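Participant: Here you go, one structure.
Residue numbers (the numbering used here): 643 to 752.
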């Protein structure tokens, strides 16, 4: 297992897991689309360490960036990534403003 240090956390990458999968498993905020290195949505800044690409990325990346969707660390790695704060997410009832006391069609029957 490889140690990954993020902006506000630390975790161990599991065997066979890409960096993106590890970030998702540990509830980090990370954008993604293709999961194959084509789009560049998951582009992340590296602060220390190196990665090995499982497939050669086609998206442009700068010298200090990686694509977590298609790489694994070659050793300890430090990246810019923040934990997803679940308390900031709206709950289902807040998002849809569910009202259980509606009586549909009651006025039409009078």
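Ideal placement from N, C-alpha and C gives every residue a C-beta, glycine not left out.
This one's a predicted model, so the numbers in the text were calculated from it and none came from an experiment.
1) Which residues in the same chain as residue 681 place their Cβ atom closer than 7 Å to its Cβ, once the five residues preceding and following it in sequence are excluded?
2) Decide if residue 655 is buried, meaning its Cβ has at least 16 other Cβ atoms within 10 Å, or exposed.
3) If you draw a straight line from the alpha carbon of residue 687 to that of residue 671, how long is it in whole angstroms?
4) Between the beta-carbon of residue 684 and the beta-carbon of residue 695, is there less than 9 Å?
5) Using only the alpha-carbon positions, how far apart do residue 735 and residue 667 sit?
6) Contact check, residue 679 vs residue 697 under 8 Å by CB: the rounded distance?
7) How many whole angstroms separate the CB atoms of residue 699 and residue 709, which I take to be in contact at a CB cut-off of 8 Å?
8) Going by Cα to Cα distance, which pick from 703, 715 and 653 is closest to residue 691?
Facilitator: Quick look at the numbers:
1) 675 and 701
2) buried
3) 13 Å
4) no
5) Residue placement at residue 735 cannot be trusted, given a pLDDT of 49 that sits under 50; the coordinates are not used to answer.
6) 6 Å
7) 5 Å
8) 715
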